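In full-length UniProt numbering, the protein residues as written are 1 to 449.
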């Protein structure tokens, strides 16, 4: 009876990776993951630094979901494998397949350590289905190339040792080793696109051409090799389009043809914030890129906001931007309650001191104010208000100083003016403090730690 032979599916290089890092087998309880864990456990060296482990994601979508979790726990116990079970909540209102996958991968990233390897049980038949689904969606070459054997994401590796193995061989292995597994009743529901393709396209195709699965796997390998070569070229072009902060320089990007611009942007988004854009999103991205430099267009996708400013493509996390606004508001409240001391010695904070790094605030103290009895206010002001930063020669509207200092439009609110007895002494903007020019030799010090 045909069996899955790990010696043919895991290279010595793969074993070196697996035995030097924490490894977690994604165990659903289905036959593919059961065989995967069984075969790995059977060949796992006893002298490795990290023991082989498993992780079960309970999507809580089936009435028997807890039974599956119990089955996985019992199976792992029989193999002497430690199991981590994580319940997740899936939005079942639409596209359950996609939302379940997103919840599953998010759980991997949240609960498994960095530099770990997550071993997945997808096989060659799954690869065939994935390629057809990609064609149905109008995917590009990356989608049509299917699932890679190794993939890096967020300092973790996803590894598919069975990606060239036919499911028939996996079933044969399970039967020859008398393995039990659970069946997901939703796998027969052709309402779901993958199940429809499996039953009505892949099954008849494989029945007519029994040896077609490895042939398709060979074609996928050729395409993935070509994509790897393309990425090498893109990486070289990309290196010439970024600055010392790894921000994309738009003027450098636009020296390339439109096709190369798309590839360079895709590489940038994938390797900086793990974003993969659809065709429609790519079009929207280039509307932002090709706009005037002072335009305020943006693209929101995957929890990020993409904008253009000062010849750079800016990537901001929606969560981080919300936190920055909260940080400014919290700082202003702390400042109003902070202990203050006036002295004749000292210096003001450097221009653009980050609020997150600020423990002591030093500003000029107006000579018209009483040293012992003065009032301080923090008031939100318009960008048209005139200010004069410390050591500046002239006053200008805040908006002009923002342009001069390179503060993007979306980081200019809230804009809070700090005043002592109605004399401006500092400006809080973009989560930074700008000391303002005060005609005096006195300084006021705030403890805001």
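Every residue, glycine too, gets a C-beta built ideally from N, C-alpha and C. For clarity, every value in this text was computed on a predicted model and none was experimentally measured.
Which residues in the same chain as residue i place their Cβ atom closer than 7 Å to its Cβ, once the five residues preceding and following it in sequence are excluded?
i	result
residue 132	197 and 201
residue 252	240 and 241
residue 19	45 and 48
residue 142	227
Under a Cβ-count criterion, where at least 16 other Cβ atoms within 10 Å of its own Cβ denotes burial, should residue i be classed as buried or exposed?
i	result
residue 239	exposed
residue 425	buried
residue 401	buried
residue 189	exposed
residue 325	exposed
residue 56	buried
residue 258	exposed
residue 153	exposed
residue 129	buried
residue 191	exposed
residue 66	exposed
residue 209	exposed
residue 215	exposed
residue 37	buried
residue 371	exposed
residue 278	exposed
residue 185	exposed
residue 292	exposed
Measuring only the C-alpha atoms, how far is residue i from residue j?
i	j	result
residue 41	residue 221	27 Å
residue 391	residue 441	13 Å
residue 140	residue 398	46 Å
residue 303	residue 356	22 Å
residue 360	residue 327	16 Å
residue 286	residue 233	21 Å
residue 75	residue 272	39 Å
residue 335	residue 393	28 Å
residue 307	residue 276	16 Å
residue 411	residue 262	28 Å
residue 98	residue 170	25 Å
residue 414	residue 235	39 Å
residue 256	residue 281	20 Å
residue 386	residue 427	11 Å
residue 73	residue 83	6 Å
residue 338	residue 332	10 Å
residue 297	residue 157	35 Å
residue 237	residue 137	29 Å
residue 316	residue 244	18 Å
Considering only residues of the same chain and omitting the five flanking positions on each side of residue i, which have a CB-CB separation below 6 Å?
i	result
residue 374	420 and 421
residue 444	340, 342, 363 and 365
residue 309	408
residue 299	284, 285, 288 and 306
residue 111	86
residue 347	none
residue 423	366
residue 418	378, 425 and 426
residue 167	123 and 125
Please state the DSSP three-state secondary structure of residue i.
i	result
residue 105	helix
residue 447	strand
residue 260	helix
residue 112	coil
residue 379	strand
residue 27	coil
residue 429	strand
residue 266	helix
residue 1	Note that residue 1 scores 46 on pLDDT, short of 50, meaning its location in the model is unreliable; the coordinates nonetheless yield the value given after this. If DSSP states are grouped into helix, strand and coil, residue 1 belongs with coil.
residue 46	coil
residue 254	coil
residue 372	coil
At a Cβ threshold of 8 Å, is residue i touching chain C?
i	result
residue 415	Among the protein chains of the structure shown there is no chain C, as only one such chain exists.
Flag residue i as yes when its Cβ comes closer than 7 Å to any non-hydrogen atom of the ligand FAD, and as no otherwise.
i	result
residue 408	The model depicted lacks the ligand FAD and carries no ligand whatsoever.
Uninterrupted beta strand (DSSP E) stretches inside the segment 309 to 370 (no shorter than 3 residues): You should have 312 to 317, 340 to 343 and 360 to 365.
In chain order, what are the residue ranges of uninterrupted beta strand (DSSP E) at least 3 long that sit wholly in the UniProt domain "Lysidine-tRNA(Ile) synthetase C-terminal" (387 to 424)? 416 to 420
Every unbroken alpha helix (DSSP H) within the segment 269 to 313, with a cutoff of 4 residues, ordered by chain: For the segment 269 to 313, the full-length alpha helix (DSSP H) segments reaching 4 residues or more read 279 to 289 along the chain.
Uninterrupted alpha helix (DSSP H) stretches inside the segment 174 to 248 (no shorter than 4 residues): Fully enclosed alpha helix (DSSP H) runs of 4 or longer: 193 to 197, 203 to 208 and 212 to 239.
Run through the segment 49 to 80 for me and flag every whole alpha helix (DSSP H) of 4 or more residues, listed as ranges in chain order. 65 to 79
What residue ranges within the segment 116 to 142 form continuous alpha helix (DSSP H) runs of no fewer than 4 residues, ordered along the chain? Complete alpha helix (DSSP H) runs here, min 4: 124 to 137.
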